[in-house]
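Novice: This is the structure I have questions about; it appears just below.
Numbering (our numbering), first residue to last: 277 to 462.
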């Protein structure tokens, strides 16, 4: 409504402009670490992971890209597994940045073609990753931002002796929620 009233252009949550924009951080990330074996990327509606894919292609790298979704919002994981668009209810209470009910068809097509696998993480695993990030690095991460680390922690045995990166995005966590996470009351 606001865009109509003021003659503004509304950019949706998945848009080529956003993919290009987040692709710039992915370029910086991969240029800094071109020899990574694997990178874990949280999936909301797909702009971030599609930007990472574009950067990998632009740099002609072989790094495996692993998507991460909330087990309480598994639409992209189910869609990836079935190679068809699958909607699913959202129950996550902590990873709202990944609370996707229905994947974006364009993003799913790119993900299906270029992502190694998708890992589902629980709210409990995300909370643990948030605590680890804060305790060990003093970084505040929202649930979606800590999801990549949660997935890496879940797969730590298979990633042993590999060069692995994860996208730490989003410090937009509610103070009371973060306090409960730090006190292990999630």
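Heads up, the beta-carbon is just placed ideally off N, CA and C, and yes, glycines get one too. These numbers were taken from a predicted model, which means no experiment stands behind them.
When we look at the beta-carbon of residue 455 and count the other beta-carbons within 10 Å, is it buried (16 or more) or exposed?
Specialist: Classification of residue 455: exposed, given that the 10 Å Cβ count is below 16.
Novice: Strictly by DSSP, which residues pair up with residue 346?
Specialist: In DSSP, residue 346 forms a bridge with 397.
Novice: If we ignore side chains and look at the alpha-carbon of each, how far apart do residue 303 and residue 293 end up?
Specialist: Looking at the two C-alpha atoms, the distance is approximately 15 Å.
Novice: Alpha carbon to alpha carbon, how far is residue 401 from residue 277?
Specialist: Answer to the nearest angstrom: the Cα atoms are 38 Å apart.
Novice: For residue 442, would you say it is in contact with chain B, using Cβ-to-Cβ distances shorter than 9 Å as the test?
Specialist: The structure shown contains no chain B; it is built from a single protein chain.
Novice: Mind checking who residue 366 pairs with in its DSSP beta bridge?
Specialist: Paired residues: none, contrary to the question.
Novice: Assuming residue 344 and residue 317 form a contact by the criterion Cβ under 8 Å, report the distance between their Cβ atoms to the nearest whole angstrom.
Specialist: Sure, about 7 Å apart at Cβ, within 8 Å.
Novice: I need the straight-line Cα distance from residue 430 to residue 313, nearest angstrom please.
Specialist: Computed Cα separation, rounded: 17 Å.
Novice: Excluding sequence positions up to five away, which residues of its chain have a Cβ less than 6 Å from the Cβ of residue 346?
Specialist: The residues are 368, 371, 374.
Novice: Tell me which residues share the same chain as residue 289 and place their Cβ nearer than 6 Å to its Cβ, disregarding the 5 neighbours each side in the sequence.
Specialist: Answer for residue 289: 321, listed in chain order.
Novice: Is it the case that the Cβ atoms of residue 403 and residue 376 are separated by a distance below 9 Å?
Specialist: Contact flag unset, no.
Novice: At the level of alpha carbons, what is the spacing between residue 366 and residue 407?
Specialist: Residue 366 and residue 407: Cα-Cα distance of roughly 23 Å.
Novice: Using a 10 Å radius around the Cβ and a threshold of 16 neighbouring Cβ atoms, would you call residue 335 buried or exposed?
Specialist: Under this definition residue 335 is an exposed residue.
Novice: What does residue 441 pair with, by DSSP beta-bridge criteria?
Specialist: Paired residue(s): 315.
Novice: Where residue 425 and residue 282 are concerned, what is the direct C-alpha to C-alpha distance, given to the nearest angstrom?
Specialist: Cα to Cα, the separation comes out at about 41 Å.
Novice: Does the separation of the CB atoms of residue 341 and residue 414 fall below 9 Å?
Specialist: No, they are not a contact pair.
Novice: What's the C-alpha gap between residue 409 and residue 432?
Specialist: Cα to Cα, residue 409 sits roughly 16 Å from residue 432.
Novice: Who are the Cβ neighbours of residue 338 in its own chain at under 6 Å, not counting the five residues just before and after it?
Specialist: Excluding sequence neighbours, residue 338 sits near nothing in its chain.
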